[in-house]
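Enquirer: Just dropping this structure here.
In this note's numbering, the protein residues as written are 41 to 350.
What follows is the structure, encoded as C-alpha cells:
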C-alpha cells in the first residue's frame with residue numbers, strides 16, 4: 041500500500057476514535073418502540089467526558105441544551121363497562137396524534153366467582169399531553185387502583201451520540217477524499233473497506249438518535265382496565281366476610297366446587313366406563329373359574345372291578 045495513503049487512513053481512524061465511546065458501549069436495545077416493556081425504557085450508558093459534563097450542568101453550553109427525558113406511566117382503573125372504556129382509550133390515543141402499541145381483552149373470574157371481562161392496553165401519546173391523557177383515562181371511572189409516572193433523563197447519552205456522529209461523518213468525508221485520489225488497486229480496496237465500516241457506524245448512531253427522539257416525543261401509557269364486579273366484596277346473604285373469614289369462605293367454596301366437579305365427572309364419565317369395561321371382565325372371570333372348578337372335580341374313576349367268577 042502507498043505510504044501516504046496508509047498514513048492518511050491512520051490519521052482518519054485516530055480522529056474518529058477521539059470522537060466518543062464505541063458504538064457498542066452506547067447502543068440501546070431499540071428493536072422497536074412498540075415491543076417490550078412499555079415503561080421504564082433503559083437507555084445506554086455513555087461514559088464520555090462531554091456527556092457527563094452536560095448531565096452535571098457544567099460547561100458553557102449546558103444551559104443551551106434541551107433536556108431529553110423519556111416519560112412513561114402506568115395506571116389501573118376500575119370501570120363499569122370494560123369494552124366501552126377500551127374503545128374510548130383507543131380513540132383518545134389516535135385523536136391526540138399517538139397510536140396503540142398493544143391491546144388485549146380477556147375474561148377473568150371475580151371474587152364472587154363470576155366471569156367478568158378485563159383488558160390491558162398500551163398507548164403512546166405526545167409527551168406534552170401525557171398528563172391530559174392520564175386525566176381523561178381516569179375521568180368517569182369507579183376507582184383508580186394505582187397510578188405511576190416515571191421519567192429518565194438521557195441527555196448525556198444523546199449529546200455523546202451527537203458528538204460521535206459528527207466525528208464519524210468527518211472521518212467518512214476524509215476517507216471519501218482519499219478514495220477519490222487513490223491510484224493503487226490495493227489502496228482503493230482498503231480505503232473502501234474502511235469507508236463501508238464507518239458508514240455502518242454512522243447508520244447505527246443515527247438509529248440510536250432516532251430512537252431517543254421518538255421515545256422522548258411519545259410517552260407510553262400502560263393501562264389496566266378492571267371490571268367493577270371484580271372488586272366487589274363477597275356477600276353471603278347479609279353477611280360480608282372479611283380478613284381470615286373471607287379467605288376461609290373462599291377456600292370452602294373452592295373445595296365444594298372441586299368436589300362437585302369430581303362427582304359430576306365420576307357419575308357421567310368414570311362410572312359408565314367402569315360398567316362397560318368391568319362387566320365383560322367379570323363374566324370372563326366367572327367363566328374361567330367355572331372351567332377351573334370342573335377340571336379340579338374328581339372323576340367317576342375306573343369302572344367297578346368285575347366280580348370273580350365262581
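We treat Cβ as the ideally placed atom computed from N, Cα and C, and that holds for glycine.
My guess is that residue 164 and residue 259 are in contact by the Cβ rule of under 8 Å, so how many angstroms apart are they, rounded?
Expert: 7 Å between Cβ atoms; contact.
Enquirer: Within this structure, are the beta carbons of residue 235 and residue 205 separated by less than 8 Å?
Expert: Not in contact: residue 235 and residue 205 (Cβ atoms no closer than 8 Å).
Enquirer: How big is the Cα-Cα spacing for residue 191 and residue 310?
Expert: Distance between the alpha carbons of residue 191 and residue 310: 59 Å.
Enquirer: If I follow the unbroken beta strand (DSSP E) through residue 191, where does it start and stop?
Expert: That run of the beta strand (DSSP E) goes 183 to 193.
Enquirer: Please list the terminal residues of the continuous beta strand (DSSP E) segment that includes residue 143.
Expert: That run of the beta strand (DSSP E) goes 139 to 149.
Enquirer: Could you tell me the alpha carbon to alpha carbon distance between residue 185 and residue 144, rounded to whole angstroms?
Expert: Distance between the alpha carbons of residue 185 and residue 144: 19 Å.
Enquirer: Consult DSSP for residue 256 and reduce its assignment to one of helix, strand or coil.
Expert: Residue state, collapsed to three classes: helix.
Enquirer: Got a sec? Which residues, its chain only, sit under 6 Å from residue 65 by beta carbon, not counting five neighbours each side?
Expert: Residue placement at residue 65 is flagged as unreliable, the pLDDT there being 41, under the threshold of 50; a coordinate-derived value is accordingly withheld.
Enquirer: Note the first and the last residue of the continuous beta strand (DSSP E) segment covering residue 111.
Expert: Run containing residue 111: 109 to 119, per the beta strand (DSSP E) assignment.
Enquirer: Look at the alpha carbon of residue 291 and the alpha carbon of residue 120, and state the distance between them as a whole number of angstroms.
Expert: Approximately 28 Å between the Cα atoms of the pair.
Enquirer: Mapping DSSP to helix, strand and coil, what is residue 105?
Expert: Note: residue 105 maps to coil in three-state DSSP.
Enquirer: For residue 269 and residue 182, which I take to be in contact (beta-carbon distance under 8 Å), what is that distance rounded to the nearest angstrom?
Expert: Between residue 182 and residue 269 the Cβ distance is about 10 Å, and since that is not below 8 Å, they are no contact.
Enquirer: Mind checking who residue 265 pairs with in its DSSP beta bridge?
Expert: Residue 265 pairs with 117 and 159.
Enquirer: Would you list the one or two residues that DSSP bridges to residue 165?
Expert: DSSP lists 259 as partners of residue 165.
Enquirer: Could you check where the alpha helix (DSSP H) with residue 7 kicks off and where it finishes?
Expert: Residue 7 lies beyond the residue range present for the chain, which begins at 41 and ends at 350; the question has no answer from this structure.
Enquirer: If you check the beta carbons only, do residue 108 and residue 225 fall under 8 Å apart?
Expert: Cβ atoms of residue 108 and residue 225: not closer than 8 Å.
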